[in-house]
Structures are given as C-alpha cells and as structure tokens.
Amino acid sequence: MPDEPSSAAPSRPSHPSHPSRVLVLNSGSSSVKYQLLDMRDRSRLASGLVERIGEQTSLVRHTPLASGGGPRDGAGGRTRERTGPVADHDAALKAMAEELALDGLGLDSPELAAIGHRVVHGGMHFTEPTVIDDAVLDTIERLIPVAPLHNPANLTGIRTAMALRPDLPQIAVFDTAFHTTMPESAARYAIDVQTADEHHVRRYGFHGTSHAYVSRETARLLGKAPEDVNVIVLHLGNGASASAVRGGRCVDTSMGLTPLEGLVMGTRSGDMDPAVIFHLMRVGEMSADEIDTLLNKKSGLVGLCGDNDMREIRRRVEAGDEQAKLAFDIYIHRLKKYIGAYYAVLGRVDAVAFTAGVGENAAPVREAAVAGLTELGLAVDAERNGARGDGSRLISPAGARVAVAVVPTDEEMEIATQTYALAGKRN
Ligand code: ADP
C-alpha cells in the first residue's frame, strides 16, 4: 500500500481556530478500528477497520458517513473494501489515513483536534482520560503483565499515531477507569493481602467506557440526573460484563483482574471455582497456557454448544437442540445471579439496562433474564421487548417499579466526548 497517505483529495473547508474533529482509535493485536467524529454536532464522518494485520489477506474496510449516521449501520456512504497485505500497525494506520484522505478527511487537516485511544488496562493509575506523554506510555507498558493481550497492541497504535501527528494531543481513555470507584470490599479478592499487593492482584473491571455511557444514557431515558439513579448495566457482547452503578459511580462489576471473570461469554467461562485450574493441571496434565486458552477461547457458549453467536444458538433452541438449550440456560442462570447480586449491592434499583450485541438485539435473552423477578419489581412487556428499534427504549410494562431498558452502547462517542473535553481544557 502506498506510503503517502494524505494528499488524495482536498480537505473540507477548515476552521483552524476551532478544530472540532476527534479520531478514535481502537488498536487490537491484529486489527485497528477507527471512527472520525465532529464534536461540534456529534456527527460521525467516517468509520472503518483494518483486520488481519500482518497477514497476506488483510482487510481494509472504510465507510464515509453522512452527518448523524449510526455507528453500526454505515448509513450515508458507500463502504470501500480491499484485501491485501498490511504488514503492521504502521501500515494499517497509513491505510486508514489514506482512506480518510480520499473523503477529504485527511489526518493533516487543521480541523483535527485530538486523537483518542482506547486503552484496555489502566490499572489503579488512571482514573480518568489522560494526555499521553512518555511517562504515561511507560505506565501503560508496566501494566502489560496484567493485560498481556491488549496493552501491547494499544501501545503500538498510540506510538504509530503519535508519529503520524506528533503535534496533536493524544489522549488515552481506559476501559478500567470507570471502575476505579469500586470500594475495596468489591475490588479485593479474599486472598493474602501481601501477595495480592505484590502482584497487583485485584478486581479492575473492563468495558468501563460502555458502562459509563450506558448508565448515563439510562438516567437520561428516565428523565433524571445520573447522580439520582441506581442502574444495573448488562453489557452483553461477545465479551460480557455486568456493573452496579450508584448515582453515576461504579460500585461493583463482574470482570476482575482480567476480562475472564463473571458472566458466561462467547468463548470465556466467566466465574468458576479456581481449583478447576489445579485439577486440570494435576489430573488433566494441562499446562498453564493450555488452560488459559481453554478458559478464554474454548469455553463459554462456544465450549458449551459449539456456537458463540446468540442468533445461531436461538435458531438451534427453536429447532429443539438440547445442547444449545443447555448453553442458553447456563448463560441466563449466571446473568440472573448477577442481577440478583447487584440488586442486593445497590439496595434500591431504578433501572436494568441491556446493551451490546446480545443485549441490544436478543429479546429472548432479556425476557429470560428477568423472568420470575416480579417480586423485585422487574419484568418486561412482551410487545415492547419484541419490537425492533435503534435508539434507547423502555421494555418494562408501564408503571413498573424498576425500569428495564435497551440502551445501545456507543463506546466511540464516549471516547470522543472524553477526548474532546480534555483536549479543550488544554487549549
Ligand atoms: P464484541 O464487541 O464483544 O465483539 P458485540 O457487542 O458486537 O461484541 O456483540 C457481538 C455478539 O452479539 C454476537 O456474537 C452475537 O452473539 C450477538 N448478536 C448480534 N446481533 C444479534 C441479534 N440480532 N440477535 C442475537 N444476538 C445478536
């Protein structure tokens, strides 16, 4: 792919005195996802991804979006796709810059205010979005032992973007930050304190950007200030986590030291007796790496029934497949346990919010998760739950004591909002 990214088309008219665009980057180990947003009207200008970085068949997919286009539907522009080798993250970001330039949205534009980076693990160090400098890079690097899969990829993306636009504020938004308000009683494991502290073993939680956004949006849906509501957020994607949010602050979440703890997920086991691991080592003669792979990649729904896509699982359940039914039941059982646990943690619950791919789309999951909980004030209205819709919506019966809601998550918008606010403070 060509080296020079930026000169293919003239930039849109610029307003150099008030740069308002934010590029959001989510760099994984073999992929980069991006969105360009204009924070003047919170519109999306473009989105895209580069997948299978380092392979011969890398994919570059880019969608120019009309103002106000949705994050997932690609509304407003024609998607461009090409396959071919993209050697590394440097080449991936150059491919992205090249695509943006074709739409007159080049990275050299004076309208670009900042770049916001999703960083998975900020440990206890980062409680809020942070302007990246050498010290911040060092700290993210020192956290690699607790996030071996994610932080190295995030760092590569940051370093590449910094080389592309060294003059711009580059801001890290951490998946863990929202959860740093958890009290010690929720954040600590009941193990020897000295050992835990020496190895930074505690519950950090993830998906924080989504939990923050969705809990706030839920308050808005209820017509209340975030400080006045208690919400249980159920982020059910391929990875899944629950959180208990009291007055806008997280007080508990289901993921822990790593994203393995908690709910049953697409390929991860979630909660388990830790002794299963020793048992598999001693009796099953499996290595730590083998068990790591088993629990992270071959467990959860895929381990239980061979499929991790809830659509396929529901199709199989409808067709009478017993294995898929058992997987679904185990998934729901765990989810219900967390709803009950967080109800008890919060004491008073104003809303339960479902979000992410499964939470937003799978009505049978939502129905089953609150079935039998009317004593807790929780129920869904069958018609509301079954109706399709894009935006945030209530699915509980009118007048219900506890609102049950579907609230589409928007992590990119949340990262862009936090990035823009911090970049603005600097100027
Ligand atoms: P992640 O970001 O964790 O990869 P998403 O939030 O995009 O995941 O969710 C992906 C999952 O959402 C899919 O694996 C699938 O199980 C589920 N999903 C997507 N659309 C639907 C649908 N219409 N019905 C049921 N499940 C769906």
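Going by the numbering used here, the sequence shown opens with residue 24, and the numbers climb by one from there. Just so you know, even glycine gets a beta-carbon here, dropped at the ideal spot from N, CA and C.
Sub-7 Å separation of residue i and residue j beta-carbons
{"i": "E434", "j": "S310", "result": "no"}
{"i": "I181", "j": "N174", "result": "no"}
{"i": "L280", "j": "A263", "result": "no"}
{"i": "R44", "j": "A136", "result": "yes"}
{"i": "V210", "j": "R226", "result": "For clarity, residue 210 is Ala in the given sequence; the question names Val instead. Yes, the pair counts as a contact, with Cβ atoms nearer than the cut-off."}
{"i": "L369", "j": "N261", "result": "no"}
{"i": "Y366", "j": "L417", "result": "no"}
{"i": "G382", "j": "L259", "result": "yes"}
{"i": "D190", "j": "F229", "result": "no"}
{"i": "L358", "j": "I194", "result": "no"}
{"i": "T183", "j": "L116", "result": "yes"}
{"i": "P320", "j": "T276", "result": "The amino acid at residue 320 is misidentified as Pro; the sequence shows Lys. No."}
Nearest-angstrom Cα separation, counted from residue j out to residue i
{"i": "S322", "j": "P133", "result": "47 Å"}
{"i": "G363", "j": "A124", "result": "50 Å"}
{"i": "G395", "j": "V403", "result": "11 Å"}
{"i": "Y236", "j": "R305", "result": "44 Å"}
{"i": "T106", "j": "A392", "result": "41 Å"}
{"i": "G91", "j": "I300", "result": "Bear in mind that the predicted position of G91 carries a pLDDT of just 44, short of 50, making it too unreliable to give a figure here."}
{"i": "T432", "j": "A379", "result": "6 Å"}
{"i": "E390", "j": "D296", "result": "28 Å"}
{"i": "T86", "j": "D220", "result": "46 Å"}
{"i": "T203", "j": "R272", "result": "9 Å"}
{"i": "A298", "j": "A423", "result": "42 Å"}
{"i": "V325", "j": "R371", "result": "35 Å"}
{"i": "A265", "j": "V142", "result": "20 Å"}
{"i": "R75", "j": "E122", "result": "17 Å"}
{"i": "N177", "j": "M205", "result": "24 Å"}
{"i": "E207", "j": "A170", "result": "21 Å"}
{"i": "L82", "j": "A213", "result": "45 Å"}
{"i": "Q217", "j": "V224", "result": "10 Å"}
{"i": "E164", "j": "M333", "result": "35 Å"}
{"i": "V430", "j": "S415", "result": "4 Å"}
{"i": "A69", "j": "D352", "result": "39 Å"}
{"i": "L60", "j": "K348", "result": "41 Å"}
{"i": "T179", "j": "S50", "result": "8 Å"}
Where the alpha helix (DSSP H) through residue i begins and ends
{"i": "R165", "result": "157 to 165"}
{"i": "N49", "result": "Element bounds for N49: not the alpha helix (DSSP H) but the beta strand (DSSP E), 44 to 50."}
{"i": "E390", "result": "386 to 393"}
Backbone secondary structure at residue i - three-state DSSP
{"i": "F377", "result": "strand"}
{"i": "V287", "result": "coil"}
{"i": "R95", "result": "Below a pLDDT of 50, predicted positions are generally treated as unreliable, and R95, at 44, falls in that range; no measurement from the model is reported."}
{"i": "T199", "result": "coil"}
{"i": "G447", "result": "helix"}
{"i": "A342", "result": "coil"}
{"i": "A120", "result": "helix"}
{"i": "L369", "result": "helix"}
{"i": "V126", "result": "Reading off the sequence, residue 126 comes out as Asp, not Val. Reduced to three states, the DSSP call for D126 is coil."}
{"i": "R75", "result": "coil"}
{"i": "H112", "result": "helix"}
{"i": "S66", "result": "strand"}
{"i": "V224", "result": "coil"}
Start-to-end residues for the beta strand (DSSP E) that takes in residue i
{"i": "N253", "result": "253 to 259"}
{"i": "P87", "result": "82 to 87"}
{"i": "R454", "result": "For the chain, the structure presents residues 24 to 450; residue 454 sits outside this window and is missing."}
{"i": "E406", "result": "No beta strand (DSSP E) contains E406, which is instead part of the alpha helix (DSSP H) from 405 to 409."}
{"i": "G139", "result": "135 to 142"}
{"i": "E104", "result": "103 to 106"}
_Quiz: which residues have CB nearer than 5 Å to the ligand ADP non-hydrogen atoms_ = G260, N261, G262, D332, M333, R334, A379, G380, V381, N384, A385
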